[in-house]
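The block underneath contains the structure these notes are about, expressed in structure tokens.
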Amino acid sequence: MPERPPPRYHDLGGQEAGLIDMEEHGIKPWVKRSDAVKGLLSDKKRRILTTDETRHEIEIMGEDLYFDLEYGERRMIALITVLANKGILTQEEVNQRIDEIYDRLGIKKEA
Amino acid sequence: MTQQFNVGDEIRIREAFPPGHIRTPHYIRGKAGIITEVLGEYNNPEELAKGIRDAPQKTLYRVRFTQNVAWPDYDGPEHDTLDLDIYEHWLEAK
């Protein structure tokens, strides 16, 4: 019988996870907005990407990044990666826009 | 339209570990269950994950497992069950 490989890092079913955190966390506005953007990019009219493409990006972004990020952050990173892979935007453009927003809001960017 | 299985069929989940975006959980691969519902045909997420929208659709089934089959160390009641929605290409006749 062939060796059964371990599950990949994102395939967590059955692993020890402790008690469920029952606190309400709320959803940050940017997380809602990025989900809406993903919905528009994948709808019947635009068909620029599929939700499963972003899911796959989350599954290959690497274990360290995956567990460093929150749910909405993983999806955002995946969305940027999919769009960059398709040549629709570049990571540099995204970084530039982030810097502009920091400047506009007068916030110092964390290192 | 393909529908290889019917409600009541005893099946086994393929014990396969391909690369790519796979929605069949690792823990259930190789385990035996019974089909309780035929849910219809849907785009295959394994193809959608590659950006392919026009691949043939796959029939999706609701499959019931007993918890002590799903989890060998399960210590709850024997009649406890677990339902999973699994695409046809992950099922094989038992």
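Sequence order for the protein chains is E and W. Take the first sequence: its position 8, counting from 1, is numbered 8 in my numbering, and each next residue is one higher. With the second sequence counted from 1, adding 111 to any position gets you my numbering. All C-beta atoms, glycine included, are put in the ideal place defined by N, C-alpha and C.
Just so you know, the alpha carbons of Glu70 of chain E and Ile58 of chain E end up roughly 11 Å apart. For Ala160 of chain W, the closest Cβ of chain E is nearer than 8 Å. When DSSP reads this structure, Gly14 of chain E sits in no beta bridge, so it has no partner.
DSSP assignment within the segment 122–171 of chain W yields the following whole beta strand (DSSP E) runs of 3 residues or more, N-terminal first: 143–153. Taking 8 Å as the upper bound for CB-CB distance, Val174 of chain W and Ile146 of chain W are in contact here, some 6 Å apart. Here the alpha carbon of His10 of chain E sits roughly 16 Å from the alpha carbon of Arg140 of chain W. Against chain W, the CB of Arg75 of chain E has no partner CB under 8 Å away; the residue lies outside that interface. For Thr81 of chain E, no beta strand (DSSP E) segment is defined; the enclosing uninterrupted segment is the alpha helix (DSSP H) at 71–85. Beta-bridge partners assigned by DSSP to Thr192 of chain W: W:Thr177.
Taking CB atoms only, His56 of chain E has a neighbour in chain W less than 8 Å away. DSSP places Glu3 of chain E in no alpha helix (DSSP H); its state is neither H nor E. DSSP places Leu41 of chain E within a helical segment (H, G or I) once states are collapsed to three.
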